[in-house]
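Accompanying notes for the structure given below.
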Amino acid sequence: MKKLIYLVLIVFSFQATLFASPDQEASLENQHKLKLINYVKKADRLNQKVVDHGKFAVLQQEFKRPQDVTLACLSCHTERHTEIMANNHWTWQRTEKLNGRGEVSVGKKNILNNFCIGTSSNRESCTRCHIGYGWKDESFDFTEKENIDCLVCHDLSGVYKKESGMAGYPVEGINLNVVAQSVGSPKRANCGVCHFWGGGGNNVKHGDLEEAMNNGTKKLDVHMGTDGEDMSCIECHITENHNITGKLYALSSENKNRISCEQCHTTEPHSDALLNKHGLRIACQTCHIPYYAKANSTKMWWDWTSAGRLDEHGEPLHEADADGNHNYLSIKGTFVWDQNIKPSYFWFNGLADHFLITDSITEIPIQMNTLNGAYSDKGANCKTTGCSKIWPVKVHRGKQPYDAINNRLVQVKTFSKVKGEGAYWMDFDWNAAIKAGMEYVGLPYSGEYGFVETEMYWPLNHQVSPASQSLRCIDCHTRSEEGRLASLTDFYLPGRDYNAWIDNIGIILIILSFIGVVVHGALRIILRKNCLHD
Amino acid sequence: MKIYIYQIFERFWHWMQVLLISALAITGLEIHGFFELFGYRNAVSIHDISAWAFLILIIFAIFWHFTTGEWRQYKPSLKLVKEQINYYITGIFSGAEHPTNKLVYNKFNPLQRLIYLGLKILVIPVMGLSGLAYMYLNYPNQGFQLGSLDSAALIHTAGAYFLIVFVIAHVYLTTTGHKPLSAIKAMITGWEEVDEKGARAMVANEMEVALKITKARLKADGNKSELLDTALAETEARLGVKKEEKFRDVVANSGAGYFRIDPNGIYEEVNNAWACLYKFKSPEDVVGKHYSLSRNKEEFEELEITFNKVLKGETIPHGEVTRICQDGSIGHHTVTMTPVVKNNQIVGVEGFILDTTARLLAEKELLENKIRLEQLLNDRDRK
Chain A
10 MKKLIYLVLI
20 VFSFQATLFA
30 SPDQEASLEN
40 QHKLKLINYV
50 KKADRLNQKV
60 VDHGKFAVLQ
70 QEFKRPQDVT
80 LACLSCHTER
90 HTEIMANNHW
100 TWQRTEKLNG
110 RGEVSVGKKN
120 ILNNFCIGTS
130 SNRESCTRCH
140 IGYGWKDESF
150 DFTEKENIDC
160 LVCHDLSGVY
170 KKESGMAGYP
180 VEGINLNVVA
190 QSVGSPKRAN
200 CGVCHFWGGG
210 GNNVKHGDLE
220 EAMNNGTKKL
230 DVHMGTDGED
240 MSCIECHITE
250 NHNITGKLYA
260 LSSENKNRIS
270 CEQCHTTEPH
280 SDALLNKHGL
290 RIACQTCHIP
300 YYAKANSTKM
310 WWDWTSAGRL
320 DEHGEPLHEA
330 DADGNHNYLS
340 IKGTFVWDQN
350 IKPSYFWFNG
360 LADHFLITDS
370 ITEIPIQMNT
380 LNGAYSDKGA
390 NCKTTGCSKI
400 WPVKVHRGKQ
410 PYDAINNRLV
420 QVKTFSKVKG
430 EGAYWMDFDW
440 NAAIKAGMEY
450 VGLPYSGEYG
460 FVETEMYWPL
470 NHQVSPASQS
480 LRCIDCHTRS
490 EEGRLASLTD
500 FYLPGRDYNA
510 WIDNIGIILI
520 ILSFIGVVVH
530 GALRIILRKN
540 CLHD
Chain B
126 MKIYIYQIFE
136 RFWHWMQVLL
146 ISALAITGLE
156 IHGFFELFGY
166 RNAVSIHDIS
176 AWAFLILIIF
186 AIFWHFTTGE
196 WRQYKPSLKL
206 VKEQINYYIT
216 GIFSGAEHPT
226 NKLVYNKFNP
236 LQRLIYLGLK
246 ILVIPVMGLS
256 GLAYMYLNYP
266 NQGFQLGSLD
276 SAALIHTAGA
286 YFLIVFVIAH
296 VYLTTTGHKP
306 LSAIKAMITG
316 WEEVDEKGAR
326 AMVANEMEVA
336 LKITKARLKA
346 DGNKSELLDT
356 ALAETEARLG
366 VKKEEKFRDV
376 VANSGAGYFR
386 IDPNGIYEEV
396 NNAWACLYKF
406 KSPEDVVGKH
416 YSLSRNKEEF
426 EELEITFNKV
436 LKGETIPHGE
446 VTRICQDGSI
456 GHHTVTMTPV
466 VKNNQIVGVE
476 GFILDTTARL
486 LAEKELLENK
496 IRLEQLLNDR
506 DRK
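In order, the protein sequences belong to chains A and B.
Take any residue in the first sequence, note its place counting from 1, add 9, and you have its number in the working numbering.
Take any residue in the second sequence, note its place counting from 1, add 125, and you have its number in the working numbering.
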């Protein structure tokens, strides 16, 4: 009996430890102090103003042109323009090694996307987001330092604003003295004016970068939330000598000048070693950005096919959905917007490919910026990238014009201030618009166009949720069709995958053995009556 | 009647396996995506902890099996396998007897031997290795790695189904003992209820083994009676036969001779085996007679001294003695004598005898042959 009691005690103490451990882990997590390196928390910083630009005489002069402000800046910051001129915010291009095509110059200057298609032949409008003044055509002088727009990034007054369709010039009548005297390190709003509004509207492109993050909560973005660390962009996108780290694979291909979560959070941020191990094949973003476009909708589908429908007066239409998002514009076509979206997931090793305007169409939908990677890529790129990891991605799909004879995507001239130049937004004539666009980039156009489906990939990095809202194990480790990784099938994922043969045979065997036991047992009970054996 | 068949470690080992395999199966099925119970992370934790506990248990079990020699229980044998299968398929329904008896030295039937051995050398190692591969060879940048988890996971899953089927059959077959719950009770208390035939076979088996061991020791050591006593005590301990309660029953059915003598030296009871050894026709011929009838003069004196000692409360292993049978022939046996206690008073002496005549004859012959051989060798050398 004593032995029995011991046994029971052992069993129970064992069970107690088993079931206590997850609870302990949970309580540890609550106390778990966030592991941080290379970062000083706001509360621990000295916040002392070291310079007051309002006291500089050079900034009190009357500025006739915005370029005069730039010259005033450079009179003290004498060599900064050389740094800016090397920055692709200025050049809109950089040399990238493309898979199998050697070094190619790609950037906003020449790459195609599946939003407004391309900036070529539309510079005057697109360069509203260029950090310069006057890039309306190819005559723009990239070596002229006074053309640099310092203010768009460094204005902290909130007064400065670039004019629409004016090649980067500011709105008329802005008091440039006020702006110039209130400069400082860029804040979210400075970067956001372009990066939130890319594609012609708030959150159109990224899905994880938008206006609401100027003044959001931790729930929207745990880093930038004003109820938390209230971080600015450049606290992660660390910038020295105007080299802004971090980049997006809409435009870049190589694995360089990137930033990562690990630079502050280390490669072992969790108290749970198993979660840290997951980090070897899963990007932090995958679990920690469970949803994107959390405050405002983002564009998911852009179909140029339907563009050009005009009202009875021959005027372009604007139709909006219940949320106030355009779902039809005569100048652009049909859109689908969405909000609180589960990302798509891709293997990604830090290298991307791009569909160039000179490439022939070989597969549909066309991948505008293929993200390279696969489960089996466990270190082919280890020297530069480590192995492929699962990344959350916004996939923007659409239909856009292509040259049906030459089988290539086309540049379209969309913007002009006047009718008759071929700009689609004025004349609504595809042939003329494509012809003008292709002429601008010096490429042939057959004269026959069609529309082709395209996909563009936007790896997600922002709108990181608080830890409590990150993905749970069963969001991926599940047989459900709703599982986050349901479509990423090039590997065995526990909880999701199984071999149907093994499972079926196993289950059948279990059922058969149950039946066997029941039948055998029943026979024994029934036949026992006939049995003389005691 | 009950026999002590499972030792404490064996039972601990068994029930730990029950706990761990249950935990592994339930959490394993959850991890495999069949249901949600503990939560995925907890299921993984429980599965991992149970797996490690199981490995530790295996190490202890291996140690136990080899130090106790119990590994021999798993020596495979095809003998009676067919009979065992036939029994489960047909015999069991008509109340046929088990084709094999459960013995301490042979506690598994041949089917069990094969299946348990298969589990030990195939299924459990495969599950352990595929489990370790699952845990450690999956991520990159760690030297050796698997291309994918597929292989390890699929093997592990297949093994799991096999084990579940085993458990179902195993639990069911526990009900096929003497009574439906005998086997489970035995695994809890160590004492298994067996039928009389089974018990008798077992005791005989035990005696045989004990004597074999004794004989081996007798050759190495001259102090015979002490060793015999040790051997018998070991047998008793192994059987869990406690003198006060079971002695008479066990011996009565064992093939050993049993006797009880009153304080005056008169036989009160002997069993058939005893009568047979002394070549009486039946026990009735002996009851009422004095114990002097079976000894020569010297032996009788010796027996008298021993008898009086036992009456005073000692237990005497008398060692090997010579008996005079009813027909005057001579036999040899070992004898152990213990006092019979009733209401705190010694009311007699009881004991059992094990015949050693055949053995002694064999040994004697062996010795004679040896001496003859030596003489021959000496003669040859001299020439």
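All C-beta atoms in this analysis are idealised placements derived from N, C-alpha and C, irrespective of residue type, glycine included.
Residue j beta carbon less than 7 Å from that of residue i
i	j	result
Asp-312(A)	Lys-408(A)	yes
Cys-242(A)	Cys-200(A)	yes
His-251(A)	Met-240(A)	no
Gly-209(B)	Asn-234(B)	Strictly speaking, residue 209(B) in this sequence is Gln, with Gly absent from that position. Yes. Within cutoff.
Pro-299(A)	Leu-480(A)	yes
Trp-144(A)	Thr-152(A)	no
Met-447(A)	Gln-420(A)	yes
Gly-256(B)	Ala-176(B)	yes
Thr-447(B)	Ile-455(B)	yes
Leu-55(A)	His-62(A)	no
Ile-511(A)	Leu-279(B)	yes
Val-168(A)	Val-192(A)	no
Tyr-384(A)	Trp-356(A)	yes
Ala-445(A)	Lys-428(A)	no
Ala-304(A)	Ala-221(A)	yes
Leu-203(B)	Ala-178(B)	no
Cys-203(A)	Cys-138(A)	yes
His-457(B)	Leu-479(B)	no
Trp-101(A)	Lys-118(A)	yes
Arg-493(A)	Cys-482(A)	no
Arg-505(A)	Arg-488(A)	yes
Tyr-286(B)	Val-526(A)	no
Glu-105(A)	Ser-262(A)	yes
Cβ-Cβ separation, residue j to residue i (assumed contact under 8 Å), whole Å
i	j	result
Ile-157(A)	His-86(A)	With 8 Å as the limit, Ile-157(A) and His-86(A) do not qualify as a contact, their Cβ atoms being about 11 Å apart.
Ala-259(A)	Asn-381(A)	No, Ala-259(A) and Asn-381(A) are not in contact; Cβ-Cβ is about 15 Å, not under 8 Å.
Cys-125(A)	Arg-290(A)	Not really, about 36 Å apart at Cβ, beyond 8 Å.
Ile-370(A)	Val-461(A)	7 Å
Asn-396(B)	Gly-413(B)	With 8 Å as the limit, Asn-396(B) and Gly-413(B) do not qualify as a contact, their Cβ atoms being about 16 Å apart.
Cys-598(A)	Pro-195(A)	There is simply no residue 598(A) to check, as chain A begins at 10 and stops at 543 in what is shown.
Phe-218(B)	Leu-536(A)	4 Å
Lys-44(A)	Pro-278(A)	5 Å
Asp-545(A)	Thr-226(A)	This structure cannot speak to residue 545(A), because chain A is shown only from 10 to 543.
Ala-302(A)	Ile-340(A)	Incorrect: roughly 23 Å between the Cβ atoms, too far for contact.
Extent of the continuous beta strand (DSSP E) run through residue i
i	result
Ala-329(A)	327 to 329
Val-419(A)	Where Val-419(A) is concerned, there is no enclosing beta strand (DSSP E), given that its DSSP letter is neither H nor E.
Lys-145(A)	Where Lys-145(A) is concerned, there is no enclosing beta strand (DSSP E), given that its DSSP letter is neither H nor E.
Arg-385(B)	382 to 386
Trp-316(B)	316 to 318
Tyr-212(B)	No beta strand (DSSP E) holds Tyr-212(B); the alpha helix (DSSP H) holding it covers 206 to 214.
Trp-346(A)	342 to 347
Asn-186(A)	No beta strand (DSSP E) contains Asn-186(A), which is instead part of the alpha helix (DSSP H) from 185 to 190.
Opposing strand residues paired with residue i [DSSP bridges]
i	result
Glu-464(A)	Gln-376(A), Arg-406(A)
Tyr-354(A)	Pro-401(A)
Lys-171(A)	Pro-179(A)
Asn-252(A)	Glu-249(A)
Thr-104(A)	Ser-114(A)
Asp-412(A)	Arg-417(A), Tyr-458(A)
Ile-391(B)	His-415(B)
Residue range of the alpha helix (DSSP H) that includes residue i
i	result
Asp-484(A)	482 to 485
Glu-155(B)	133 to 156
Thr-225(B)	Per DSSP, Thr-225(B) belongs to no alpha helix (DSSP H) and is neither H nor E.
Val-526(A)	509 to 537
Asp-312(A)	Here Asp-312(A) belongs to no alpha helix (DSSP H); instead the beta strand (DSSP E) covers 307 to 312.
Leu-298(B)	275 to 298
Asn-167(B)	165 to 193
Complete runs of the alpha helix (DSSP H) confined to the stretch 49 to 86 of chain A [at least 4 residues]
75 to 85
Give the list of continuous alpha helix (DSSP H) stretches no shorter than 4 residues that lie fully inside the stretch 393 to 467 of chain B.
397 to 402, 422 to 436
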